[in-house]
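*Asks:* Residue numbers (this note's numbering): 356 to 479. Even for Gly, the Cβ is constructed at its ideal location relative to N, Cα and C. Quick caveat, the model's predicted, so the values are computed rather than measured.
#1: Can you list, in chain order, the residues of its chain whose CB lies under 8 Å from that of residue 377, leaving out five sequence neighbours each side?
#2: From this set, 458, 359, 426, 391, which residue's C-alpha is nearest residue 407's C-alpha?
#3: Shortest alpha-carbon distance to residue 463 belongs to which of 451, 437, 431?
#4: Spatial neighbours of residue 390 within its chain, please: C-beta separation below 8 Å, excluding the five flanking residues on both sides.
#5: Under the three-state reduction of DSSP, which class applies to residue 427: helix, strand or coil?
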């Protein structure tokens with residue numbers, strides 16, 4: 356996912372990012388500090404995710420809530436090991452089956468909330 360970091364951040368520090376015009380808080384997990392205004396390609400990791408609803412349709416993407424982060428999308432693949440691929444619009448988020456208990460099929464809409472989201476720069 357392509358993001359722009361809006362505030363400087365050392366590794367493990369909180370920052371604010373912009374992705375496709377939506378801002379949300381994240382924890383920077385890069386080896387080098389993040390620079391405000393810089394664009395990065397990142398992978399996402401939800402910290403303490405929980406399912407909030409099984410809607411029939413959702414607005415894909417990441418956003419902030421009063422209690423943390425909300426991620427919504429559509430299941431795009433289910434792998435043999437139970438890992439789900441969630442298409443969140445500008446990225447695909449892989450979710451361990453422990454994070455999303457239940458039975459899902461490709462095309463199902465899914466929303467999760469998390470205490471926070473960590474971002475890991477890919478170097479691309």
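*Replies:* Looking at the coordinates:
#1: 416, 417, 418
#2: 426
#3: For residue 463, the nearest C-alpha among the options comes from 431.
#4: 360, 363
#5: The answer is strand: DSSP assigns residue 427 an E or B state.
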